[in-house]
Amino acid sequence: MSHLEEFICNIKGEEPPHIAKLCISKKHNVPVEEILFQSTQIPSEFKITIGNKYYKYILSKPGCNKTRGDIYFDGDNKILVEFTACCLSSSGNNAQFQRFTKFIPFLKEENIELCYYVYNKEDKIQTLERQNKIAFKMWKTNGINVFFEKNTLQTDFNNLEIYSDIDNFIIEWNKNARVPKIKKEDNYCILENFNVEKSGSITNDPGIGKTLLTIMTLVVLGEKQIKLVNTGINCEGHFGVRNKFFRSINNIIKNFNIEIIFDYDFINNKIEKCELYNSEIVFGCKADYESVVSINYEIKLDTKINYTNHASCEQSLLCFKDITDNVPKKVLKTDIIYSIDNNTYFVEAEKYVNLENGRKQIVSWAQDINTYQYYKKTFTGQNIKCYLILYDKDNLDINLEETKFKNVKCILQENGNWLMNDTFEYLEFTNSILLTN
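Going by the working numbering, the sequence shown opens with residue 2, and the numbers climb by one from there.
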């Protein structure tokens, strides 16, 4: 490392190189092509260089909150960035509402800048109108800066005026909302039909995000008493002290000194038992799972990658020739896909202790009919070869000549060494392959 290089700050996160680079590029207005992402001798730490300045990027565990943004700049100027590749034109309200839950633990923290990056290059929506306009006026009212990839949407957001009056907010919401309504009654601001239940549990996002964003907008505007009616919560089994919705509600109650009640009294008697978030902890300790090796391997490959699905990270789009696609839910996911000439390689990354599970994974890709048909159609004319890479975080004494390592191409150890298996064999992607010792 040159003595002329200037250290900027640590960045913590779970996301792979391309997302970290995009967030830095957008936040600091630097072309992404000028940002270099490199491995170091410590597998969970990386170096991100811009000119003669650099960040240390620490691949990290989520921490105790289990809800937080994707990238955290931990320096004199602390910045939390939530990244999404969802488009406003996608089904549901994922980009508009769902991601708001990530910011709940930190809304009271004045020393952390909160940013939301909507990477929506392919968005069919060109302008912020109706519900989209209201949603992002709410984000702005809550002090969260939103970055759009599409310039027309960014211009619209920059020109939005924040809400300054509760009554005007309620009028605008009710004029555009299809079902959920807001009304004032008996000194309470009542949120009606904001559903948070899905398939028998309180997991309905974007419904949860929509409810919390609406509550916080009312709170910022000065509301002190809020009642939730017809949320789908109607039995004791719906409640959980670690459920992110109830934890978030309790967090808002305590941090902003307001009253929030439900039309189901059981919840009102239990809500204070929910664990509070620790706003001083954004991410926990360094990561020690398989994304450590898969991200390092992606950098080591130094070739165009078709697809990544690193553990705890956002999936990339699958890109091959003229195909750009979200891998369907029913299709089994590989961790890395890349192509060289007429060969396409499917890579599964695992911790060393999960070797057996990894072997089963690479076999299952061809045995599952939906997966087999999807990849054969996508990579028509390609020879598809599968293999494993492992992360040995204990620096074990490993004999790669053992049969169990037959399809293991390399192992990354905690000391930064790569053990290369000179005798490994690819597993051919055919629907007749069998797992053998």
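Heads up, the beta-carbon is just placed ideally off N, CA and C, and yes, glycines get one too.
Small disclaimer: the values here were computed from a predicted structure and weren't measured.
Cβ shell of Lys-27 (< 7 angstroms), same chain only, five flanking positions each side left out = Tyr-118, Phe-148
Does the Cβ of Gln-97 have 16 or more other Cβ atoms within 10 Å, making it buried, or fewer, making it exposed?
-> buried
Member of Lys-410, Glu-16, Thr-204, Ile-9 whose CA lies at the smallest distance from the CA of Ala-288 = Glu-16
Under the three-state reduction of DSSP, which class applies to Leu-23: helix, strand or coil?
-> helix
Ignore the nearest five residues each way along the sequence and tell me which others in Cys-411's own chain have a CB closer than 7 angstroms to its CB.
-> Ile-390, Trp-419, Leu-420, Met-421, Asn-422
Pick helix, strand or coil for Ala-350, following the three-state DSSP scheme.
-> strand
Since Ser-340 is in the beta strand (DSSP E), which residue starts that stretch and which ends it?
-> 337 to 341
Could you give the residue range of the alpha helix (DSSP H) that holds Asn-307?
-> Per DSSP, Asn-307 belongs to no alpha helix (DSSP H); it is in the beta strand (DSSP E), 306 to 309.
From the DSSP output, which residues share a beta bridge with Thr-325?
-> Cys-320
Could you name the residues of the same chain whose beta carbon sits closer than 7 angstroms to that of Ala-367, not counting the 5 residues immediately before and after it, in chain order?
-> Tyr-373, Phe-430, Thr-431, Asn-432, Ile-434
Pick from Val-31, Tyr-189, Ile-59: whose alpha carbon is nearest that of Gly-42?
-> According to the sequence provided, residue 42 is Gln. The question's Gly does not apply to it. When only C-alpha atoms are compared, the closest one is Ile-59.
Looking only at its own chain, which residues have a Cβ that is under 6 angstroms from the Cβ of Gly-208, when we skip the five neighbours before and after it?
-> Asn-196, Val-197
Status (buried if at least 16 other CB within 10 Å, exposed otherwise) for Asn-438 | Low local confidence applies: a pLDDT of 43 at Asn-438 is under 50, so the model's placement there is unreliable, and no value is given.
Below 8 angstroms on the Cβ atoms is my guess for Asn-66 versus Leu-108; work out the distance and round it to an integer in Å.
-> Incorrect: roughly 13 angstroms between the Cβ atoms, too far for contact.
Continuous beta strand (DSSP E) assignments of at least 3 residues falling wholly in the region 14 to 66 | 36 to 40, 46 to 51, 54 to 60
Identify, in the order they occur along the chain, each residue of the same chain with its Cβ nearer than 6 angstroms to the Cβ of Gly-70, setting aside the five sequence neighbours on each side.
-> Leu-81, Val-82, Glu-83, Lys-103
Taking the DSSP output, what are the residues bridged to Phe-226?
-> Sequence check: residue 226 is Gln here, not Phe. Partner(s): Glu-260.
Take every Cβ of the region 45 to 62, pair it with every Cβ of the region 262 to 279, and state whether three or more of those distances are shorter than 8 angstroms.
-> no
Check whether the Cβ atoms of Ile-191 and Lys-184 lie closer than 8 angstroms to each other.
-> yes
For Thr-379 versus Phe-425, is the C-beta spacing smaller than 8 angstroms?
-> no
Rounded separation between Asp-124 and Val-31 - CA only | 23 angstroms
Residues of its chain near Leu-319, where Cβ-Cβ distance is below 8 angstroms and the 5 sequence neighbours each way are ignored = Asn-307, Tyr-308, Thr-325, Asp-326, Asn-327, Val-328, Ile-338, Thr-379
Are there 16 or more other CB atoms within 10 angstroms of the CB of Glu-349, so buried, or fewer, so exposed?
-> buried
Phe-247 and Ile-272 closer than 8 angstroms at C-beta = yes
My guess is that Asp-393 and Tyr-353 are in contact by the Cβ rule of under 8 angstroms, so how many angstroms apart are they, rounded?
-> 4 angstroms
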